[in-house]
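Here the structure is laid out as structure tokens; the discussion comes afterwards.
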Amino acid sequence: MTSRNLLCRLMREDVKRRLWAIAISFVAFLFAIPVYTATSVERVVNMFKQGQALGDRHEYLSNTAMYCLGVGNSALVLLTIILAILCGISGFYYLHSKKKVDFYHSLPVKRESLFSSIYIIGIAIYVIPYLVSLAIGFVIVGTNGAFGSNVWIEAWKAFGVNLLNYCLTYTVVIIAVLLTGQLIVSILASGVFLAYGPVVAVLIGSLKDTYFETYYEYGSITESFLFRCSPISAYFNMTNAVYEKTLSFAITLIYIAVTMVLVILAVFLYRKRSSEAAGKAISYQVLQPYIKIVVSVPIGLWSGIIFTSLMNANSSFWLIFGMVCGYLLCSCIMEIIYHFDFKAAFKSRGSLLVGAVLMFAIFSMFKWDLLQYDKYIPSKDKIESMSVALSGIDNNLEFRVYNEDNSRYKISYMDRIGYAFEYMNLKDKDAAYEIAKMAVEGEAVLNEGEIDSDSDYDKYMTIHVQYRLNSGRHIYRSYAIAVEPYFDLLNQLYQNKEYKEGAFPIYTMKEVTNVTCYSEFQKLSITLTEEEKAQLLSLYRDELLALSLEDVRNEVPLATIDFGYTTDENDVLSYSALVYPSFTRTIDFLSMHGFDFTKTFNLADIMNVSIDYRIPQYAHEEEQYIAYMKENPEWTYDKSVMYKDGDTISEILPYLFNNSYAWNNGILTNYDPNVTVTVTWKTDEYGNVTSNQYAIVSNNIPDFVKEDIMYAETSK
Numbered sequence: 002m003t004s005r006n007l008l009c010r011l012m013r014e015d016v017k018r019r020l021w022a023i024a025i026s027f028v029a030f031l032f033a034i035p036v037y038t039a040t041s042v043e044r045v046v047n048m049f050k051q052g053q054a055l056g057d058r059h060e061y062l063s064n065t066a067m068y069c070l071g072v073g074n075s076a077l078v079l080l081t082i083i084l085a086i087l088c089g090i091s092g093f094y095y096l097h098s099k100k101k102v103d104f105y106h107s108l109p110v111k112r113e114s115l116f117s118s119i120y121i122i123g124i125a126i127y128v129i130p131y132l133v134s135l136a137i138g139f140v141i142v143g144t145n146g147a148f149g150s151n152v153w154i155e156a157w158k159a160f161g162v163n164l165l166n167y168c169l170t171y172t173v174v175i176i177a178v179l180l181t182g183q184l185i186v187s188i189l190a191s192g193v194f195l196a197y198g199p200v201v202a203v204l205i206g207s208l209k210d211t212y213f214e215t216y217y218e219y220g221s222i223t224e225s226f227l228f229r230c231s232p233i234s235a236y237f238n239m240t241n242a243v244y245e246k247t248l249s250f251a252i253t254l255i256y257i258a259v260t261m262v263l264v265i266l267a268v269f270l271y272r273k274r275s276s277e278a279a280g281k282a283i284s285y286q287v288l289q290p291y292i293k294i295v296v297s298v299p300i301g302l303w304s305g306i307i308f309t310s311l312m313n314a315n316s317s318f319w320l321i322f323g324m325v326c327g328y329l330l331c332s333c334i335m336e337i338i339y340h341f342d343f344k345a346a347f348k349s350r351g352s353l354l355v356g357a358v359l360m361f362a363i364f365s366m367f368k369w370d371l372l373q374y375d376k377y378i379p380s381k382d383k384i385e386s387m388s389v390a391l392s393g394i395d396n397n398l399e400f401r402v403y404n405e406d407n408s409r410y411k412i413s414y415m416d417r418i419g420y421a422f423e424y425m426n427l428k429d430k431d432a433a434y435e436i437a438k439m440a441v442e443g444e445a446v447l448n449e450g451e452i453d454s455d456s457d458y459d460k461y462m463t464i465h466v467q468y469r470l471n472s473g474r475h476i477y478r479s480y481a482i483a484v485e486p487y488f489d490l491l492n493q494l495y496q497n498k499e500y501k502e503g504a505f506p507i508y509t510m511k512e513v514t515n516v517t518c519y520s521e522f523q524k525l526s527i528t529l530t531e532e533e534k535a536q537l538l539s540l541y542r543d544e545l546l547a548l549s550l551e552d553v554r555n556e557v558p559l560a561t562i563d564f565g566y567t568t569d570e571n572d573v574l575s576y577s578a579l580v581y582p583s584f585t586r587t588i589d590f591l592s593m594h595g596f597d598f599t600k601t602f603n604l605a606d607i608m609n610v611s612i613d614y615r616i617p618q619y620a621h622e623e624e625q626y627i628a629y630m631k632e633n634p635e636w637t638y639d640k641s642v643m644y645k646d647g648d649t650i651s652e653i654l655p656y657l658f659n660n661s662y663a664w665n666n667g668i669l670t671n672y673d674p675n676v677t678v679t680v681t682w683k684t685d686e687y688g689n690v691t692s693n694q695y696a697i698v699s700n701n702i703p704d705f706v707k708e709d710i711m712y713a714e715t716s717k
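Per my numbering, the sequence shown runs over residues 2 to 717.
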């Protein structure tokens, strides 16, 4: 009974000691919830009064209230983290004073009970102001007609998420305090515990990106396990999952279990912590060398990367110099902190040597790929399916997806790689696997930095590969390969139905609401019945499946179809689809509905054709250019010529194709990006003109044009 009364008195004294923290908590929560909610709701009310907002007023207010009281309130997240750090350090701050430690530990109270009392008060400092502010927020919402069951649910859901992550961060900070004996060291230790996972995750990603030629990080590095080891990053991931309604019950249980394990660890450390630890840098001296190594090694590696970046040099000397400087500096500072003596900077030479060896071992593992990361490819029988994204082909595609089940983002904008990895499922993976295998085992795979961007870049492509293993693991790789040695395999892959369905968004369209067809010479909005829209979509899909890379290389699209889809929210999704000459059934269908594929240049209307040639850097040493430069010292290696004669123009026109298509499939069309053809023609009898730019395949440039523009011999 005496012990219980004493514990109650200690709790009251602890509350008095931390009145400043309680005051901060109350004031901060009042601004984060009631004040923020009141201003937000009032702004919406005024918008409706002034006619600036349309729609359901109650729904608009409810959404605003859910945002202010729910996980969307970023001020609550920031406040939760700050209070967890403040309460964690202030609650056990007495452990840094030998007198206070002797006093508390001499009381007839079990250490577990003493720990529990301080821990509970820290929770109460967060919970009570939160609940009071939340109640006021409910009143504000209710008086403005914005209250509803959805607001109630979102508010309590946010309370649970914030409280759970407060406890997690709070406990981690307490562990940092228990492992240290000085305030400044406790603060530093808290920072290490809260940031170590993300710092190391980004470091590993940076090393992989620097030294592994086939490395590709799919998604965000924030989704990696190591990054989520930080309580703060785990907190942000959890709030995002709740906001997007993707948080599973199993993940929540894991968070709770981890928090409970950390609480048990904190109690254990509190029980084992000796009174003599007060005033020391580290409470458990045996941990000092391990802590120094764990902190100094990443600091050393980061220093090397940062130093090389600042020096703007890829020299290994400066990288190693930066690593050594950063590692030694960090190790020495930590030894000085341990012993509070500058003379102790090099005291623990054993741990200093072990850490240095470990740092260079890690560096060597990445620098010389000791684990054979670039050479690794899963066994074919272990792969369930694959996804492949090809660069330099079909660059006209736009990847927008309508999400019916996602209330936050109805339309997702994706890149080519993300779309392929999400929607492509190659069960027939022979061609894809053979491409990857050749890239790994052969010499065709290159680091993109090795490609001569002036002369060779259009001959290479990057392929991004996802291996889905039978075990459920996903492996990602990126290969820069020469196109020609792989062309037959790429062609085989391109004609794979599973590839097309995962690479072209048109296969995800459920229905079509409008169709527009256009070329350079005509644009037509086509009126179709629902059956005809479905028929056209089906025709195009079938003919697209039959399209080969050989067709893409040899054919020039005649037109583009825009398949439009209007969602229930009146958002419009539009997918552009190129119509190749081999799409005969699609062409016949569109022709029957008024689109004229025969329209082309009218030679009588063309005023001139100008050709601009930028002589590539690699050709500057040709004799013809050296001689010309001597005669024209101010020359900038550009040549331009204009043709106005109809007969001359007629020899050029048949070989022109639109610049956009050249960009869309540049690695296949073999056009010369240094040659730009501009055609100018009259559009009406009033003298109005229009111009458009075109590309031309190198082999199709007429000889007289090559002579006029001094076409490079090495390009012929």
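Backbone N, C-alpha and C fix where the C-beta goes; we use that ideal spot for every residue, glycine too.
Predicted model only: the values in this text are computed from it and were never measured.
In this structure, GLY198 sits near CYS230, with a CB-CB distance shorter than 7 angstroms. The continuous stretches of beta strand (DSSP E) do not include LEU371, and DSSP gives it neither H nor E. Annotated three-state conformation of VAL355 is helix, per DSSP. Straight-line spacing of the CA atoms in THR65 and VAL45 works out to 8 angstroms.
Contact annotation, TYR216 with SER479: C-beta distance approximately 7 angstroms; criterion of less than 8 angstroms satisfied.
For THR679 and PRO486, the gap between their C-alpha atoms comes out near 34 angstroms.
By the Cβ rule, the stretch 248 to 261 does not count as touching the stretch 280 to 292, because fewer than three pairs are nearer than 8 angstroms. In the pairwise beta carbon analysis, the stretch 457 to 476 is classified as not touching the stretch 358 to 370: fewer than three pairs are separated by under 8 angstroms. ALA24 sits in a helix when the DSSP states are folded into three classes. For THR211, the enclosing alpha helix (DSSP H) covers residues 184 to 212. Where SER63 is concerned, the enclosing alpha helix (DSSP H) starts and stops at 58 to 70. ASN492 sits close to SER549, with the two beta carbons spaced by under 7 angstroms. Inter-residue distance for SER26 and PHE116 is about 21 angstroms (C-alpha atoms, whole angstroms). VAL110 carries a coil assignment under DSSP once its states are collapsed to helix, strand and coil. DSSP, reduced to helix, strand and coil, places THR514 outside both helices and strands of the structure shown, so it counts as coil. Here ARG18 carries a helix assignment [DSSP, helix/strand/coil].
Taking the Cβ atoms as the reference, ILE653 lies roughly 6 angstroms from VAL610, within the contact range of under 8 angstroms.
Membership of ASN693 in the beta strand (DSSP E) is indicated by the continuous run 690 to 697. Residues ALA437, LYS438 and VAL441 of the same chain have their beta carbon placed closer than 7 angstroms to that of ILE378, with the five preceding and five following residues left out of the count.
Proximity to PHE400 across THR509, GLU635, PHE347 and PHE318 peaks at THR509, based on C-alpha coordinates.
Linking ASN671 to SER699 through their CA atoms gives a straight-line distance of about 7 angstroms. At a cut-off of 3 residues, the continuous stretches assigned as beta strand (DSSP E) that sit fully inside the stretch 624 to 649 are 639 to 644. Taking every protein chain shown into account, the CB of TYR236 has 16 or more other CB atoms within 10 angstroms, so this residue is buried.
Counting other Cβ atoms within 10 Å of its Cβ, ARG274 reaches 16 or more and is therefore classed as buried. In this structure, the CA atom of ALA357 is about 14 angstroms from the CA atom of TRP303. SER352 has its alpha-carbon roughly 21 angstroms from the corresponding atom of PHE194. Using a Cβ-Cβ distance cut-off of 8 angstroms, the stretch 184 to 193 and the stretch 77 to 93 are in contact, since at least three pairs of beta carbons, one from each stretch, lie closer than that value.
Residue ASN555 holds the alpha-carbon nearest to the alpha-carbon of LEU657 among ASN555, PHE564 and ARG272. By the neighbour-count criterion, in which a residue is buried when 16 or more other Cβ atoms sit within 10 angstroms of its Cβ, ARG19 is buried. A distance below 6 angstroms between beta-carbons, with the five flanking residues on each side excluded, links MET312 to the following residues of its chain, in chain order: TRP319. Within the same chain, and ignoring the five residues on either side of CYS331 in sequence, the residues whose Cβ sits closer than 6 angstroms to its Cβ are SER297 and ILE300. Per the DSSP secondary-structure output, VAL580 pairs in a beta bridge with ALA560. Contact between the stretch 556 to 564 and the stretch 576 to 583 is present: 3 or more CB-CB pairs across the two stretches fall below 8 angstroms. The alpha carbon of THR517 has as its nearest neighbour, out of MET415, LEU538, ASN497 and GLY52, the alpha carbon of LEU538.
DSSP places GLU544 in no beta strand (DSSP E) but in the uninterrupted alpha helix (DSSP H) bounded by 531 to 547.
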